[in-house]
Structures are given as C-alpha cells and as structure tokens.
Amino acid sequence: MALNTYEDLNDIHMDVLREIGNIGSGNAASALSSMLTSPVNISVPVVKIMDYEEVVDALGGPEEMIVGLLLRLDGDVKGMIMFLLHQNFANMLLMSLLGEEISLDKIDEIGYSAIQEMSNIMAASYINAISAMTGLSINLSVPAMCVDMLGAILSVPAIHYANISDKIIFISDEFSSDNIHAPNHILLIPDVDSLDKIMENLGIEL
Numbered sequence: 001m002a003l004n005t006y007e008d009l010n011d012i013h014m015d016v017l018r019e020i021g022n023i024g025s026g027n028a029a030s031a032l033s034s035m036l037t038s039p040v041n042i043s044v045p046v047v048k049i050m051d052y053e054e055v056v057d058a059l060g061g062p063e064e065m066i067v068g069l070l071l072r073l074d075g076d077v078k079g080m081i082m083f084l085l086h087q088n089f090a091n092m093l094l095m096s097l098l099g100e101e102i103s104l105d106k107i108d109e110i111g112y113s114a115i116q117e118m119s120n121i122m123a124a125s126y127i128n129a130i131s132a133m134t135g136l137s138i139n140l141s142v143p144a145m146c147v148d149m150l151g152a153i154l155s156v157p158a159i160h161y162a163n164i165s166d167k168i169i170f171i172s173d174e175f176s177s178d179n180i181h182a183p184n185h186i187l188l189i190p191d192v193d194s195l196d197k198i199m200e201n202l203g204i205e206l
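Take the sequence shown: its letter number 29 is residue 29 in my numbering, and every next letter is one higher.
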C-alpha cells in the first residue's frame, strides 16, 4: 500500500530515514573536512517527523538568529531540503576559511559567500548519498541563503511546500572540529510520491 501522508511512515521507514541521514551526514562531513583541510567528526543523527512549530521550539524559538539554506529537489525525487546553521557552525566555517569569526548579524559579503559555497557542497554530498543508495536521479537547485530569525526563515518552506505536507523529516546531528562543536539541522521534505520511490528502490514494503 502506497504512502498517503508522512503519518503513514512506520518504524521500518523511520529506520531507513535514519540510515539515509547517517550516510548523508557522513558524506557531508567528509566534504567539509576536505574543504577545511582538517578532520571533522559527526555524531549519530537523530531523525524525527515534526511540524514547523515543533522545529521552531526545538531550535530555540522564533527569534533565534540562524542561517537558512533552501534547495529545491527535482528529478526522480521532488521537494526541498533546508540546512539550518547556528552561530557556532558559521564560526567554525569562517574561522577555518577566513581566519576570523563574524557575528551572524554582521556577516559581510565574503563571509556570506563562504558559508553559501560550503553549504552547497555539503548539500550536494548529502543528496548524492541518497541518490547512490536508491539509484534515483536527484537534481538540486542553486541554494537560496538567508540570515534571519528562525521563525521568518521557516515561514518560507511552510508556505511554499504546504501542498506537500505540514510535517517534515527533521534530521539533527553535530559536527565537531578541534574544540568546536556545531549542531547541524536538516529539514527534508520530499513529496509523498518521492518517499514511495525511495522506499521501493530500497526494497522496503509499503
């Protein structure tokens, strides 16, 4: 039986999503390590099905300043993926790439471009892992980046992807390099037909 909503996902489906999160985050960490030319470790991802309000509460409330990068998914899998980066993650990138830390509310064009490029590489690594696992062709748009309060950033996918689901796949993990520990949060919103394809191509009964 095909999935009709995100609520139809059972424990087996969630295990698959955790494995996707684990491999995707591992690939992203490897890409990050190569770019920073230093080892980057990754924690085991936690995967949950949540609504937008729950995500806002989990990440510190609507006024929390954060970096959001939104990329559209197309091809065999349609939907979106969004990376949410906190100040200390931005600091880890900017210190390694530019040799300085910059407050999110004072980030300049060079810092902005550095974070955008790094996040684009991480997103591509993440999606390539899903594509390799499933054999599905997945295309990524150019990332749209915004530094703003969390409530404002999440209003964008909440409005534009309301036709897909009011629930999202929330993947939370932590990157660490030297003495820096940086939480990383990913919102994955494939449409339900795409979820069907992912599960079917991995041999999971629906």
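Just so you know, even glycine gets a beta-carbon here, dropped at the ideal spot from N, CA and C.
Alpha-carbon spacing of residue i relative to residue j, whole angstroms
{"i": "A158", "j": "T5", "result": "16 angstroms"}
{"i": "I121", "j": "S33", "result": "11 angstroms"}
{"i": "E100", "j": "I66", "result": "18 angstroms"}
{"i": "L3", "j": "L188", "result": "16 angstroms"}
{"i": "A129", "j": "A28", "result": "9 angstroms"}
{"i": "E174", "j": "V56", "result": "18 angstroms"}
{"i": "D15", "j": "M35", "result": "30 angstroms"}
{"i": "S96", "j": "D8", "result": "43 angstroms"}
{"i": "F170", "j": "V156", "result": "16 angstroms"}
{"i": "A115", "j": "C146", "result": "This sequence places Ile at residue 115; Ala is not what is there. Taking the straight line from one Cα to the other gives about 11 angstroms."}
{"i": "K48", "j": "S25", "result": "15 angstroms"}
{"i": "H160", "j": "E117", "result": "24 angstroms"}
Helix, strand or coil at residue i [DSSP, three-state]
{"i": "G75", "result": "strand"}
{"i": "I164", "result": "coil"}
{"i": "P157", "result": "helix"}
{"i": "D196", "result": "helix"}
{"i": "L202", "result": "coil"}
Where the beta strand (DSSP E) through residue i begins and ends
{"i": "D108", "result": "D108 -> no beta strand (DSSP E), and no H or E assigned at all."}
{"i": "D15", "result": "Taken as a continuous stretch (DSSP letters only), D15 belongs to no beta strand (DSSP E), being part of the alpha helix (DSSP H) at 11-36."}
{"i": "D148", "result": "144-149"}
Beta-bridge partners of residue i, as assigned by DSSP
{"i": "F175", "result": "I42, A182"}
{"i": "N139", "result": "D74"}
{"i": "P190", "result": "G79"}
{"i": "G68", "result": "L84, C146"}
Rounded distance between the beta-carbons of residue j and residue i, thought under 8 angstroms
{"i": "A144", "j": "L70", "result": "5 angstroms"}
{"i": "L84", "j": "G60", "result": "Wrong, their Cβ atoms sit about 11 angstroms apart, outside the cutoff."}
{"i": "A182", "j": "M82", "result": "The pair is not a contact, with the Cβ atoms about 17 angstroms apart (cut-off 8 angstroms)."}
Below-9 angstroms beta-carbon distance, residue i vs any chain C residue
{"i": "F83", "result": "No chain C appears in the structure shown, which is made up of a single protein chain."}
Unbroken alpha helix (DSSP H) run spanning residue i, endpoints
{"i": "E54", "result": "52-58"}
{"i": "L97", "result": "87-98"}
Residue i CB to nearest heavy atom of the ligand HEM below 8 angstroms
{"i": "M118", "result": "This structure does not include the ligand HEM; it has no bound ligands of any sort."}
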